[in-house]
Each structure stands twice: as C-alpha cells, then as structure tokens.
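Beneath this line is the structure, given in structure tokens, with notes to follow.
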C-alpha cells in the first residue's frame with residue numbers, strides 16, 4: 034500500500050536491522066531529544082530521530098491522523114475552521130548540525146532548525162525578527178575563531194559591521210522569498 038512520507042511514522046517500513054540501529058541512535062540522542070522538546074514545547078508535539086532524512090538537519094511531519102502544514106493553510110484560506118495541531122520535529126542524526134547538538138543543545142540552533150523547517154514547507158514563521166537575530170548570533174558564533182588573538186581585540190568593531198551585513202543579507206533574502 035502507498036504511504037505518505039510527510040505524515041506519521043515510517044517504522045513499519047524499516048527492516049529489523051534498521052529498527053535496531055534506530056533504537057541505538059535514539060538512545061544516543063536521548064538528551065538532545067529531551068532538551069529540544071523542552072525548548073519547542075509550544076511549537077511541536079514531539080521531537081524524534083528521523084529515518085527519512087538524508088541531507089536536511091530536520092523536518093516537520095504531521096501526525097498520522099492530522100492535516101499537514103500545507104493542507105492546513107489551504108483549508109484556512111478557504112475559510113474552514115480546523116483545530117490547531119502541532120507538527121512532529123524529526124532530526125537527522127547524521128547531519129553535522131544535529132551531531133553538534135549532542136555536545137551542547139543550543140536553544141538558538143534548535144529554534145532556527147524549527148523555523149527553517151516551517152519556511153521550507155511553505156509556512157511563515159511567527160517571529161521573523163527573532164529568527165534573523167538568532168541567525169546573526171549563530172553566524173557570529175560559528176564564524177568567529179576564538180584562537181585568533183587579533184580577532185578577539187577587533188571583535189567589537191567587526192561585530193557591528195558583521196551584524197549589519199548579515200541583517201541586510203537576511204532582509205533581502207526574506208524580501209525576495211516572500212514577495213517574489
């Protein structure tokens with residue numbers, strides 16, 4: 034039978050070996066799942082390890098008996114009253130960003146992953162300014178080389194310039210994304 038990969042769990046499609054491997058992976062990522070669930074408790078129903086992702090760090094899926102994000106938007110645009118549902122956030126245990134969460138669950142990174150998933154499924158994030166602020170913080174954090182002494186001295190001056198450049202980049206990115 035056909036089954037939507039955008040809804041529900043795909044465990045019944047896994048072999049016994051795949052199920053054992055996934056159980057081990059879930060145990061390895063148990064603290065990440067718990068902390069991400071706490072961070073996103075108002076936005077997602079649950080956080081779990083995905084077996085459907087290969088390149089993306091995460092994705093949003095609807096529960097087995099719920100409408101997907103696109104269908105919800107279509108129904109709302111037609112004036113239908115539908116109950117608010119929370120999606121399931123699935124994380125890719127092989128993606129470098131998710132692996133980084135194993136050492137330290139960064140709240141900004143978890144929220145950025147969620148917002149990126151909302152955008153990639155065609156939705157609109159509720160707080161775009163907060164998204165840009167978190168992206169700026171993460172860009173500064175991951176592009177700053179703490180070992181370089183000259184950068185430490187010059188970071189204050191460069192932070193303002195970098196913040197402005199990154200903000201302009203994301204402004205134009207979202208401007209073209211939403212209006213074209």
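Residue numbers (my numbering): 34 to 213.
Cβ atoms here follow ideal geometry from the backbone N, Cα and C, with glycine treated the same way.
Any idea if residue 168 is buried or exposed, counting beta-carbon neighbours within 10 angstroms, 16 or more meaning buried?
As a position in the chain shown, residue 168 is number 135, starting the count at 1. Flag for residue 168 reads buried.
Do you know offhand how far residue 134's Cα is from residue 156's?
Indexing the chain shown from 1 puts residue 134 at position 101. Indexing the chain shown from 1 puts residue 156 at position 123. Approximately 25 angstroms, taken between the alpha carbons.
Option nearest residue 115 by Cα separation, candidates 129, 123, 75, 99:
Here residue 115 corresponds to residue number 82 of the chain shown, with the count starting at 1. The shortest Cα separation from residue 115 among 129, 123, 75, 99 belongs to 99.
So is residue 121 buried or exposed if we call it buried at 16+ other beta carbons inside 10 Å?
Taking the chain shown and counting its residues from 1, the one referred to as residue 121 is at position 88. Result: buried.
Just list the residues that DSSP pairs residue 92 with in beta bridges.
Along the chain shown, one-based indexing puts residue 92 at 59. 123, per the DSSP bridge assignment.
Just mark residue 72 as buried or exposed, buried being the case when its beta carbon has 16 or more other beta carbons within 10 Å.
Here residue 72 is taken as the residue at index 39 of the chain shown, counted from 1. Here residue 72 is buried, its C-beta having at least 16 other C-beta atoms within 10 Å.
Kindly indicate which three-state DSSP category residue 99 falls into: helix, strand or coil?
Numbered from its first residue, the chain shown carries residue 99 at position 66. Correct three-state label for residue 99: coil.
Run the CB neighbour count on residue 107, radius 10 Å, all protein chains shown included, and call it buried at 16 or more, exposed below.
The residue labelled residue 107 in the question sits at position 74 within the chain shown. Exposed: under 16 other Cβ atoms inside 10 Å.
By Cβ distance below 6 angstroms, which residues in the same chain neighbour residue 186 in space, the five residues on each side in sequence not counted?
Translated into the one-based positions of the chain shown, residue 186 becomes position 153. Confidence at residue 186 is low in this model, with a pLDDT of 47, below 50, so its placement is unreliable and no value can be given for it.
Coil, strand or helix - residue 81 by DSSP
Taking the chain shown and counting its residues from 1, one reaches residue 81 at position 48. Three-state DSSP puts residue 81 in a strand.
Considering just the uninterrupted stretch of the alpha helix (DSSP H) at residue 75, what are its terminal residues?
The residue you call residue 75 lines up with position 42 of the chain shown. Segment: none, residue 75 is in no alpha helix (DSSP H) and carries neither H nor E.
Other residues of its chain near residue 164: CB distance less than 6 angstroms, five sequence neighbours each side excluded:
By one-based count along the chain shown, residue 164 stands at place 131. Same-chain partners within the cutoff: 148, 158.
For the alpha helix (DSSP H) that contains residue 118, what are its first and last residues?
Within the chain shown, residue 118 is the residue found at index 85, counting from 1. Boundaries cannot be given for residue 118, as no alpha helix (DSSP H) includes it and DSSP labels it neither H nor E.
Just to check my reading of the structure: residue 131 and residue 90 have Cβ atoms closer than 8 angstroms, yes? What is that Cβ distance to the nearest angstrom?
Counting from 1 along the chain shown, the entry for residue 131 is found at position 98. Counting from 1 along the chain shown, the entry for residue 90 is found at position 57. 5 angstroms between Cβ atoms; contact.
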